[in-house]
């Protein structure tokens, strides 16, 4: 028996054991209340709970006062005198295995019970079951090992009386016939299969024929369904009241016209499902429609057409309309005939024009979301005149001007205020905010406010979960008047705020104070021993002094930017406790010393920028192998010395390597071709984006994201890259003391967009295969001692937009190509022996052999050298065998030749002896 089969057998054994324990529940008892058999069976079942001690079911006991099990928590008995247990609700209890066969059971709720494994077929024995909930909304996500799954639903048709079925978060990816099983439940009214990884059903005439008309509630959210599910719904489910098909893959399909035949439909949700097209005209027949949510699709058409279709029948019933994140165009029509409308969301479309003042008459409105469109015009008090129930207002990222009187008192109390990029009249701080006592989300960033922040504003911050007031010209200080509980997400960046940073701000989860005039030390970070900070940006301020040594309390930090301040001293070794850090920027300060070896513990690091400091040491060797995710490393403008450690070649994901403006010596490592990310062309993502999770007030988790940015010297100019940073692949080793040749291995980095080796002491020639770098946009080899000719392959790089080969020892003619002649003389200056456009005309002798025609010059030079050696070899072979072969095969020539050499030898010997005898005796 295989291991999987043995595991399944053990699971079945446990299941059968549980069934034996509860079989006693099936027997009648003449006793009033719970029978002793029922009680003993439940006590035995209690022992099967995770933990064995049964502490989770304290009311299930053996004491006399607990004798009646019908009074135990989660146990329900029949109303007659039989004492049958007819309902067992163990929600939120941990079971070792599933409950087996309880044939009298009508209601079984094991939702979020923290059990796992395969659904047993024995559930089919619960023939009286009317309600079955095996959903695991929480544990299947947080603890996948506890998720449940099924290979089939063959047991389901046996539950012919089932009315409610919920298998949410159960893995049903292998159950091809799930729809056929559902169709065989004639009394089913509620079907919930949310996030079950359902495969697209195969629709047949049989499945359509057997389809039940009893369904009232259908939730198929977040599966792998395609448009075939529409066929199942066509014309057979006229009793449907609730339908959720969101987060599926309908891949450009339009909303079926027969949806309009669902005359009972009140709640329709098809979000994030790749729908296209417009509203079917049949929607005009949905007279009971209360909620319509079609957000995050690709629907198109005029908003006025959609409104006209819905207004024919649903104008008295529609309460929620969400068409956000689509491609809908047009202007906002008059919506006052929708008498029940509470929630109106049409943000992130292509709407234009003005917001009609008539919206102020829609007294039942609670939510308005019009942001991220192209709406324009003035918003006045009239727009809100009767909106006393308004709780959520979203007008962000439009061209709107808010013109309210100074003493305006709104009729509403808002909970969420999103007015980003909406300009305030007279650029003053909106005083009407003082009247709002309940808001938890405030965004008035980029609102054109040029004013001092009033003191009353900080008093209101105690209820805020999110405060965004960045990109204004607000003045003043942030005092300690802030309450002990304030916005976990606080963004005051890009203002003119000043003074010391209050220690209370260390309690935030997300804190952005960048681009202000804050001063004083960064010691406020040590105010909290158990910090929840995940994002901290203090860049571009006047923060000074040494960094505090309390980073051991900031283990949740994902983003830290302290650049462009006046910090000095050594980098604290406790920064090695930033185990969650992905972005670390300490550039443009006055840090000294060396890089702490403890930073190797920051294994999630992706961007590391220490540029423009006074760090002085060799580049550490043992650090880089521990940073496998590092994509951007900037050590520019320090005093690092000695050679580039070959361990840097472990950074296989590096996209930007900047070691420029240091005192680095030695040669360029040949192992640079191990930088895998640079050896791959292109990048599918324009940006480098990261996500992180924080906890807002009330314990709610929220996922945020941010985009990386980096400051680079590109084409001789310092520039910041953010929206296209994902495309940048660069190596900058300029302004150091590097020697030796440029390694040919560097030409394997075919993804390189920028290569700067200028201002070194490099020698040798430009690698002949430099033309392999087809993605290259910028190449700077200037101010070295490079000699030889410019490789012709350089002219074959199509995208090169910046080239500097000046101040070297290059000679010969500049290869002819569409790119190389487009650069000015300054790109080649300081090479007196270089000629050709755009420099002076070459003389014949300067062209060198074969330089009259320079197309494929290196190839031709290679052929000349190859021909020379071939001719030399052939000449040697012919000459050798011409003489030796004659002597070997011709006997008379051999004798004559030997006689000649013998006579010549004797003659030379006699001559030598005569000369020796004539020499005077020197003794």
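Residue numbers (the working numbering): 110 to 1032. For every residue, glycine included, the Cβ atom is placed at its ideal position computed from N, Cα and C. All values derive from a computational prediction rather than experimental measurement.
Buried versus exposed call for residue i [16 or more other C-beta atoms within 10 Å across all chains shown]
i: residue 1021; result: exposed
i: residue 1024; result: exposed
i: residue 721; result: buried
i: residue 371; result: buried
i: residue 627; result: buried
i: residue 1012; result: exposed
i: residue 538; result: buried
i: residue 860; result: buried
i: residue 1010; result: exposed
i: residue 597; result: buried
i: residue 829; result: exposed
i: residue 812; result: exposed
i: residue 448; result: exposed
i: residue 469; result: buried
i: residue 428; result: buried
i: residue 907; result: exposed
Residues near residue i by beta carbon distance below 6 Å, same chain, minus five either side
i: residue 120; result: At residue 120, the pLDDT of 43 sits below 50, so the modelled position is not reliable and the matter cannot be decided from this model.
i: residue 864; result: 840 and 888
i: residue 962; result: Reliability fails at residue 962, whose pLDDT of 37 lies under 50, so the model's placement of it is uncertain and the value that follows must be treated cautiously. Within the same chain, residue 962 has no close Cβ partners at all.
i: residue 702; result: 679
i: residue 442; result: 413 and 416
i: residue 768; result: 744 and 842
i: residue 874; result: 897
i: residue 1016; result: none
i: residue 952; result: none
i: residue 671; result: 647 and 695
Beta-carbon proximity list for residue i, same chain, < 7 Å, skipping 5 on both sides
i: residue 536; result: 557, 558, 559 and 560
i: residue 870; result: 846, 847, 848, 893 and 894
i: residue 834; result: 796, 797, 817, 818 and 819
i: residue 434; result: 404, 405 and 457
i: residue 162; result: At residue 162 the pLDDT is 44, less than 50, meaning the model places this residue with poor confidence and gives no usable figure here.
i: residue 263; result: 230
i: residue 1014; result: none
i: residue 169; result: 151, 152, 155, 163 and 181
Those residues which DSSP pairs with residue i across a bridge
i: residue 868; result: Residue 868 pairs with nothing; no bridge assigned.
i: residue 227; result: 258
i: residue 487; result: 510
i: residue 273; result: 240 and 299
i: residue 454; result: 431 and 478
i: residue 532; result: 510
i: residue 785; result: BP columns for residue 785 are empty, so no partner.
i: residue 527; result: 503 and 552
i: residue 186; result: 194
i: residue 609; result: 628
i: residue 216; result: 196 and 240
i: residue 813; result: 801
i: residue 411; result: 438
Residue i: CB within 7 Å of a non-hydrogen atom of the ligand GDP
i: residue 551; result: This structure simply doesn't include the ligand GDP, nor any ligand for that matter.
Beta-carbon contacts of residue i that lie in its chain and below 8 Å, excluding the five residues immediately before and after
i: residue 307; result: 281, 282, 284, 287, 329, 332, 333 and 334
i: residue 933; result: 947
i: residue 472; result: 495, 496, 497 and 498
i: residue 375; result: 350, 351, 397, 398, 399, 400 and 426
i: residue 800; result: 812, 813 and 814
i: residue 772; result: 748, 749, 750, 845 and 846
i: residue 615; result: 633, 634, 635, 636, 637, 640 and 642
i: residue 459; result: 436, 437, 438, 482 and 483
i: residue 790; result: 859, 860, 883 and 884
Original post:
Any contact of the stretch 515 to 523 with the stretch 558 to 573, i.e. 3+ C-beta pairs under 8 Å?
Top reply: no
**OP:** Any chance you could list the beta strand (DSSP E) runs of at least 3 consecutive residues sitting entirely within the stretch 873 to 922, in chain order?
**Re:** 887 to 889, 911 to 913 and 918 to 922
Original post:
If we count Cβ pairs, one from each stretch, closer than 8 Å, do we get three or more for the stretch 771 to 785 versus the stretch 844 to 862?
Top reply: Short answer: they touch.
**OP:** Just list the beta strand (DSSP E) runs in the stretch 693 to 778, keeping only unbroken ones of 3 residues or longer that don't cross its boundaries, in chain order.
**Re:** 699 to 702, 716 to 718, 741 to 743, 765 to 767 and 772 to 775
Subject >> Complete beta strand (DSSP E) runs within the stretch 541 to 607 (minimum length 3 residues, chain order) >> reply: 550 to 552, 575 to 577, 584 to 586 and 598 to 600
Subject >> Those runs of the beta strand (DSSP E) which lie wholly inside the stretch 413 to 445 and span at least 3 residues >> reply: 429 to 431 and 436 to 439
Original post:
What alpha helix (DSSP H) runs, 4 residues minimum, are completely inside the stretch 617 to 663?
Top reply: none
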